[in-house]
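Take the first sequence: its position 110, counting from 1, is numbered 110 in the numbering used here, and each next residue is one higher.
Here a beta-carbon is modelled for each residue, glycine too, at the ideal position from N, C-alpha and C.
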Amino acid sequence: MTARVGKSAADRTRQKILALIRSVPHGKVATYGSIARAAGLRSGARLVARTLHTSIGLPWHRILGAGGEIKLRGDHSIEQRLRLESERVTFRGRRVDMKRHEHKFAKRSPR
DNA sequence: AGGGTGACGATCA
DNA sequence: ATGATCGCCACCC
């Protein structure tokens with residue numbers, strides 16, 4: 001029973017990342033990097049990706065690489081694109097039109 | 001304890 | 001635009 005709810009710093013970071021991912025609204029997208037920064041990580045994009053990959057029930061298709069690029073490979077990238085297009089997210093070549101769809105996170109609470 | 005590994009990102013040739 | 005490199009963070013042997 002790995003009932004992890006946030007003991008270690010790593011777990012708290014994970015919870016924070018999960019909350020941010022869940023906060024991206026329908027029709028909008030965010031990047032691994034922006035989420036990492038919103039979570040207070042200097043450069044934890046890879047961690048965001050890992051979290052996304054090891055969790056379920058998240059709007060995973062709304063998370064993209066820098067510049068709005070889909071970073072998945074093969075069929076998965078196709079599914080992601082279809083899911084995005086089904087919520088009216090538009091593309092410019094093979095990247096999402098970030099100009100129109102990038103979700104801005106509120107600045108980190110000036111604690 | 002140490003080293004390898006990502007759904008990454010920025011930078012440089 | 002493409003490929004190599006280095007930095008980052010947590011996880012998995």
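### Message
Taking a contact to mean a Cβ-Cβ separation below 8 Å, would you say glycine 40 touches glutamate 87 in this structure?
### Response
Contact: no.
### Query
Since isoleucine 63 sits in a beta bridge, which residues does DSSP pair it with?
Residue pairing by DSSP puts isoleucine 63 in a beta bridge opposite Ala30.
### Message
Using the three-state DSSP reduction, which class does glutamate 85 fall into: helix, strand or coil?
### Response
Glutamate 85: helix per DSSP, three-state reduction.
### Buried or exposed (CB count within 10 angstroms, at least 16 for buried), glycine 44
Buried is the call here.
### Task
Taking 8 Å as the threshold, find out whether the region 79-93 comes into contact with the region 11-24 through three or more Cβ pairs.
No, they do not touch.
### Query
Is arginine 73 helix, strand or coil by DSSP?
Arginine 73: coil per DSSP, three-state reduction.
### Query
Could you give the distance in angstroms between the alpha-carbon of glutamate 47 and the alpha-carbon of leucine 18?
The sequence shown places leucine at residue 47, not glutamate. Cα to Cα, leucine 47 sits roughly 11 Å from leucine 18.
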